[in-house]
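Report on the following structure.
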Amino acid sequence: MAGHSKWANIQHRKGRQDEKRGKIWTRIIREITVAARAGGGDLSANPRLRLAVDKAKAANMPADRVKYNIDKATGNAEGVSYEEIRYEGYGIGGAAIIVDTMTDNRVRTVAEVRHAFSKHGGNMGTEGSVAFQFKHCGQLIFAPGTSEDKVMEVALEAGAEDVITDDDGAIEVLTAYADFEAVKQALEAAGLHPEVAGVTMRAENTIELTGEDAERMQKLLDVLEDLDDTQEIYHNAAL
Numbered sequence: 053m054a055g056h057s058k059w060a061n062i063q064h065r066k067g068r069q070d071e072k073r074g075k076i077w078t079r080i081i082r083e084i085t086v087a088a089r090a091g092g093g094d095l096s097a098n099p100r101l102r103l104a105v106d107k108a109k110a111a112n113m114p115a116d117r118v119k120y121n122i123d124k125a126t127g128n129a130e131g132v133s134y135e136e137i138r139y140e141g142y143g144i145g146g147a148a149i150i151v152d153t154m155t156d157n158r159v160r161t162v163a164e165v166r167h168a169f170s171k172h173g174g175n176m177g178t179e180g181s182v183a184f185q186f187k188h189c190g191q192l193i194f195a196p197g198t199s200e201d202k203v204m205e206v207a208l209e210a211g212a213e214d215v216i217t218d219d220d221g222a223i224e225v226l227t228a229y230a231d232f233e234a235v236k237q238a239l240e241a242a243g244l245h246p247e248v249a250g251v252t253m254r255a256e257n258t259i260e261l262t263g264e265d266a267e268r269m270q271k272l273l274d275v276l277e278d279l280d281d282t283q284e285i286y287h288n289a290a291l
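Final position of the sequence shown in the numbering used here is 291; the numbers increase by one with none missing.
Dropping the structure here:
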């Protein structure tokens, strides 16, 4: 199955994240804290925490810092209490945007998200206004040049739902949320290491934006990404 090119967008985002490692670590620590408090500190019994720790490793966070934050969260030590809030809205050309945040101040966060949307050509919507256009699933993306046949054989055998080859040769493996970890482990055991791996909100359909519209949309996404309380952003724009 063919799909739209994602590789350029992935490389753009990774480049921006490399410039802001300190901020990336802050987001990961929040995720570790919330995951550990909700499901305990045992990685084998807490898939969400295991994903957060994998992100920490990928971001080169020291292991002792990861352990400290797990211990702090599970020991109910004094600290900031974060609340998870999802915001939905529309960007340029009616493109759908989901902004997942973790915050210790709901009033501040909603004001900042609403301001970012309105100042940069978007509109903040109500809960559920765009989420129906996305699927909650596991996603693994392999760089162009990876063996499509090998990825497909291993992934489908391990329980993946679909394998998609994008226009630029990148290969995308989709799984049910519950099957993500098993499929990831099977692929890595076969020597196939994804560039991107995680549980995501994947757009069911995309909206093509070019020229000035694409630039305006990227600006809006960058501003939302830069908000202190933003954890993840999902959208359906093909830039």
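Glycine included, every Cβ here is placed at the ideal spot set by N, Cα and C.
| query | result |
| --- | --- |
| Cα-Cα, which of D278, L273, D281 and A266 is closest to A290? | A266 |
| Tell me whether the stretch 183–202 and the stretch 238–256 touch, counting them as touching only if at least three CB pairs, one residue from each stretch, are closer than 8 Å. | yes |
| S224 and D218: beta carbons closer than 9 Å? | Note that residue 224 is Glu in the sequence shown here, rather than Ser. Yes. Within cutoff. |
| Between the beta-carbon of G141 and the beta-carbon of G174, is there less than 9 Å? | yes |
| With respect to the alpha helix (DSSP H) encompassing L272, which residues constitute its N-terminal and C-terminal limits? | G263 to D278 |
| Suppose you measure from the CA of T282 to the CA of V159; what does that come to, to the nearest Å? | 14 Å |
| Let me confirm a value: N98 is counted as buried when at least 16 other C-beta atoms fall within 10 Å, else exposed. Which label applies? | buried |
| How would you label H287, buried or exposed, when you count the other beta carbons within 10 angstroms and need 16 or more for buried? | buried |
| Tell me which same chain residues have a C-beta within less than 7 Å of the C-beta of G177, skipping the five on either side of it? | E140, G141 and Y142 |
| Just the C-alpha distance for K124 and G221, rounded to the nearest angstrom, thanks. | 43 Å |
| By how many angstroms is the C-alpha of D214 removed from the C-alpha of Q318? | Residue numbering for the chain in the displayed model covers 53 to 291; residue 318 lies beyond these limits and cannot be assessed. |
| So, for L208: in the same chain, excluding its five sequence neighbours on each side, which residues have a beta-carbon less than 8 Å away from its beta-carbon? | V215 |
| Would you list the residues sitting across from R100 in a DSSP beta bridge? | Per DSSP, none; premise fails for R100. |
| According to DSSP, simplified to helix, strand and coil, what is T298? | Beyond the ends of the chain as shown, which are 53 and 291, falls residue 298; an answer cannot be given. |
| Among the residues of its own chain, which have a CB less than 8 Å from the CB of M53, if the five just before and after it don't count? | Unreliable positioning characterises M53 in this predicted model, as indicated by a pLDDT of 38, which lies under 50. A coordinate reading is not provided. |
| Quick check: what's the CA-CA separation for A88 versus E264? | 43 Å |
| Under the rule that 16 or more other beta-carbon atoms within 10 Å means buried, what is P114, buried or exposed? | exposed |
| Less than 8 Å between the CB atoms is what I'm expecting for L273 and I285, so what's the real figure, rounded? | 6 Å |
| Alpha carbon to alpha carbon, what distance is there between L103 and I122? | 13 Å |
| Between which two residues does the alpha helix (DSSP H) harbouring M253 extend? | Segment V248 to A255 is the beta strand (DSSP E) holding M253; no alpha helix (DSSP H) there. |
| Taking just the CA atoms, how far does H245 sit from V203? | 10 Å |
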